[in-house]
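Using numbering that gives the first Met the number 0, read the sequence shown as starting at 0 and increasing by one per residue.
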Amino acid sequence: MMDIYYTNEVVVKNREKMIMDLLTNVSFNQLEEIEYKFQFDEMGLDAYLFLKDKLEKEIEIKIKEKTHERELASILSPIGAVSKKPEYFPIVFLNKFGMVIKKNTEIFVKIHGLLRDTAEMPVRMNGMNVYLARYSLEPIICNWNNYFKGNMNPMILNPPTLNISNKDITYYLLNNSDYYEIKQIYGNDGEVLRFLTDSTNRG
């Protein structure tokens, strides 16, 4: 069972179906208040969370990394859909992603006032010991290729302009010897996903 806690229902309203399609057993729990801090600087993550879960147990988590010039990565998270007849292709892109580094990090997890052990990755990552805790400063969760039945109207390209806008999405194209490839997709909320087009153009 995975419990999801939130204060503003708008945050999960548009993603509730997708989350239920991806997870076999999940519950949504709205709270009046969640105390938290989530900051990132050159030393890494500084985060704190305190809430009372659905069983009225106090959950408290603190993570404070102390790694100078902390570097982050970006990954396309591997996921599997529970639905046997998926209606879309789910995308979870974790931009500015990091595993919590063990060295010099202050970390604790308390459940109902009792300290719990923090799990560690069994192997090193980039030569460092890390916890299984991870975070993303810019997570992007969306649906691609939603089920559609009907006529698809073409989008007209007007060279030399190499971008096309359709509703809330703008496609930036690359002219590869008169064969147009998608270079970048940009959403109206500022979320960006980039595609690799060749070995010299990496986003």
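Just so it is clear, CB atoms sit at the ideal spot from N, CA and C, and this is done for glycine as well.
**OP:** Could you tell me the distance, in whole angstroms, from the CA atom of Phe194 to the CA atom of Gln183?
**Re:** Sequence index remark: in the sequence shown, residue 194 carries index 195 (1-based). Sequence index remark: in the sequence shown, residue 183 carries index 184 (1-based). Low local confidence applies: a pLDDT of 48 at Phe194 is under 50, so the model's placement there is unreliable, with the coordinate-based value given in what follows. About 6 Å.
Subject >> Val129 vs Thr117 beta-carbon contact at 8 Å >> reply: Here residue 129 refers to the residue found at position 130 of the sequence shown. Here residue 117 refers to the residue found at position 118 of the sequence shown. The answer is no: Cβ separation not under 8 Å.
**OP:** Mind the definition here: the segment 156-165 touches the segment 118-137 only if three or more C-beta pairs lie below 8 Å; say whether that holds.
**Re:** The segment 156-165 is not in contact with the segment 118-137.
Subject >> Cα-Cα separation between Ala46 and Ile62, rounded to whole angstroms >> reply: Within the sequence shown, the letter at position 47 stands for residue 46. Within the sequence shown, the letter at position 63 stands for residue 62. So the two alpha carbons sit approximately 5 Å from each other.
Original post:
Does DSSP classify Leu21 as helix, strand or coil?
Top reply: Translated into positions along the sequence shown, residue 21 becomes position 22. Note: Leu21 maps to helix in three-state DSSP.
Subject >> Cβ neighbours of Glu41 in the same chain (closer than 8 Å, five flanking residues each side left out) >> reply: Counting from one through the sequence shown, the residue named residue 41 turns up at place 42. Excluding positions up to five away in sequence, the list reads His67, Glu68 and Arg69.
**OP:** Give, in chain order, every unbroken run of the beta strand (DSSP E) that is at least 3 residues long and sits entirely within the segment 115-144.
**Re:** Counting only runs of 3 or more, we get 129-143.
**OP:** Would you give the residue range spanned by the beta strand (DSSP E) that Lys51 belongs to?
**Re:** Residue 51 sits at position 52 when you count from the first residue of the sequence shown. Note, Lys51: beta strand (DSSP E), Gly43 to Lys51.
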